[in-house]
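Structure first, commentary second.
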Amino acid sequence: MFEVNFDGIIGPTHNYGGLSEGNIASISNSQNPANPKKAALQGLKKMKILRDAGLIQGVFLPHERPYLAKMREMGFTGSDKQIINKVASHSPHLLHNLYSASSMWSANAATVSPSVDTADQKIHITPANLNAMFHRSIESDFTYHQCLQIFKNESFKIHKPVPPISGYGDEGAANHLRVASNHEQKGFEIFIFGTSAFKAYNSSIMRQAKEISHTVALKHQLNTEHYFLLQQNQDAIQRGSFHNDIVSLSNENIFIAHEKAFEDRNALNQIIRVLENNVSNFQFIEIKENEIPLTDIIKSYLLNSQLVSTTDGEMLMILPADVRNFDNCMQWIDKLKQISPVKKFEFVDIKQSMMNGGGPACLRLKVLMNNKELEGVNKNFILDDNKVEQIKHLIQSFYRDRILPDDLKDPDLLDEFQMILDQYTQIFDLENFYSFQ
Ligand code: SUG
């Protein structure tokens, strides 16, 4: 068993639309110029680090933006360009939503349970409905469609997204942890929710509903003793930890969390006890508030790192470069090296994504599989050196290096963005992938 990561390729419309309330970076960078070229190259470089570490790297292609079909569904009529003009003059904010490149954060694309955990021994994948934010909710249909194309044979069970309840949603792997002795062993899955869908909050947006987390666990045919539902800390959400993967992470037998990650200490302790009794070499590493305050965890994105097992039995942590600006985080990393199998650290510059609240772990969907299951993955979506070179060339040749949200009002940009998406389908050898093809 090994992990294959599927990163969302950063699309040419990457911009700072200020679309995600409760996500400090998204709101504070709203209306700043974005650099899609830099963003996409930074994302590609992160994928290269994973490949250099010996991991298989897959991708999700960018979603079609602007989302003309959604504009039509919302009642706008005319030619493509007339429609863009109409949406822009009716509501620039709506236009920004329908132009968002947010599918890059594929940790929110789906929840995945590996075959060792499920009753029918298939890999279960549920695309997230992302219902809490409009610009994200419009990703789920195409994610479902893309999952069907990527995960091809009977090793995989692709579910339909869970229907939203009262405006609440499902945020996928960003609100899901898995702990196991190692990748081969049946694991314990922890579904992290914001609140019940039957409660309303005025002060902050709780994205993930408990009832939806539960449905995903049921559909994935997990053994009752092997999954838990655990609530995010409400104060942490209010202070900017909109997804759980900002305040905790796990890989194999290692579970790292900030002291303020979860709401109910007793519930967490009960889970820890089960893990201690059932997972060999289980290590729970808690970061105390006096070691690194929650504010710095959120600002630095320390725990939004990718933690991966390498073939030598050690672990590699891929951290956002911004962490280097925090002495307390750097001291904690030294300590981590002493007390855990995490021995290697790589810092990646993914500033463009970070400015919208997306760190290294947000940009990938982790799928555990074995060689037989890998045979069922459509190899068109797996990177090799040749594809990397072609993607780099495409980005360098055609991506813009500056986009302001209001630039997107210009309907003439449509041809340029569609041309780039079309080129992606040529690189990945996909036919009739986007609606305009
Ligand atoms: O959903 N930002 C994303 C960031 C997602 C981070 N993912 C994880 N933590 N796994 C979000 O809030 C901002 C878009 C904008 O404002 O233009 C945005 O959607």
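The opening position of the sequence shown corresponds to residue 42 in my numbering, with each subsequent residue numbered one higher. No residue lacks a Cβ here, since even glycine has one placed at the ideal position from N, Cα and C.
Check whether the Cβ of residue i lies closer than 7 Å to any heavy atom of ligand 1, and answer yes or no.
| i | result |
| --- | --- |
| F283 | yes |
| Y108 | no |
| Y57 | yes |
| N170 | no |
| R441 | no |
| L344 | no |
| C403 | yes |
| D211 | no |
| H255 | no |
| A362 | no |
| N264 | no |
| S67 | yes |
| L139 | no |
| A215 | yes |
| G398 | yes |
| H176 | yes |
| I287 | yes |
| N76 | no |
| N37 | The question about residue 37 has no answer here: the residues shown for the chain are numbered 42 through 478. |
| A148 | yes |
| L60 | yes |
| S245 | no |
| S143 | yes |
| N64 | yes |
Would you call residue i buried or exposed, if buried means 16 or more other Cβ atoms sit within 10 Å of its Cβ?
| i | result |
| --- | --- |
| P204 | exposed |
| N366 | exposed |
| R443 | exposed |
| S244 | exposed |
| Q311 | exposed |
| S120 | exposed |
| D161 | exposed |
| A66 | buried |
| H176 | buried |
| L309 | buried |
| K240 | exposed |
| D363 | buried |
| Q273 | buried |
| G95 | exposed |
| S476 | exposed |
Among the candidates the options, whose CA atom is the shortest distance from the CA of residue i?
| i | options | result |
| --- | --- | --- |
| K450 | S132, S381 and V257 | S132 |
| L357 | Y57, G235 and S346 | S346 |
| T265 | V128, Y342 and T159 | T159 |
| E355 | R280, N292 and Q72 | N292 |
| M395 | N70, N46, L60 and E44 | N70 |
| A81 | S67, I90, T54 and G95 | T54 |
| Q379 | I326, H217, I191 and L218 | I326 |
| W146 | K251, L455 and F47 | F47 |
| Q478 | E430, D363 and E105 | E105 |
| A142 | S350, N331 and L60 | L60 |
| V153 | S144, Q273, P168 and L139 | P168 |
| H284 | A402, E225 and A238 | A402 |
| Y108 | L91, I97 and A129 | A129 |
| T336 | F296, F303, A277 and S237 | A277 |
| E457 | S438, F474, E472 and E387 | S438 |
| L259 | Q187, H165 and N126 | H165 |
| L218 | D286, K227 and G210 | D286 |
| S196 | N412, N421 and L435 | N412 |
Could you spell out the range, first to last residue, of the alpha helix (DSSP H) harbouring residue i?
| i | result |
| --- | --- |
| I380 | D368 to I380 |
| Y185 | S181 to I191 |
| E317 | R306 to N319 |
| P77 | P77 to D93 |
| H176 | F175 to S178 |
| R113 | L109 to E114 |
| N264 | Careful: N264 lies outside any alpha helix (DSSP H) and carries neither H nor E. |
How about residue i and residue j: are their beta carbons less than 8 Å apart?
| i | j | result |
| --- | --- | --- |
| N172 | G398 | no |
| G49 | L404 | yes |
| G58 | P446 | yes |
| V19 | V320 | The structure shown has nothing for residue 19, since the chain only spans 42 to 478. |
| I246 | L271 | no |
| K87 | V389 | yes |
| E212 | N149 | yes |
| A151 | L406 | yes |
| R441 | P77 | yes |
Note the first and the last residue of the continuous beta strand (DSSP E) segment covering residue i.
| i | result |
| --- | --- |
| D451 | No beta strand (DSSP E) holds D451; DSSP gives it neither H nor E. |
| A298 | I295 to H299 |
| M395 | No beta strand (DSSP E) contains M395, which is instead part of the alpha helix (DSSP H) from K392 to M395. |
| F439 | Unbroken run through F439 is the alpha helix (DSSP H), D426 to F439; no beta strand (DSSP E). |
| L357 | M356 to P361 |
| A277 | It is not in any beta strand (DSSP E) - A277 instead sits in the alpha helix (DSSP H) that spans Q275 to Q279. |
Would the C-beta of residue i count as close to ligand 3, meaning under 7 Å from any of its heavy atoms?
| i | result |
| --- | --- |
| N427 | This structure lacks ligand 3; the ligands present are ligand 1. |
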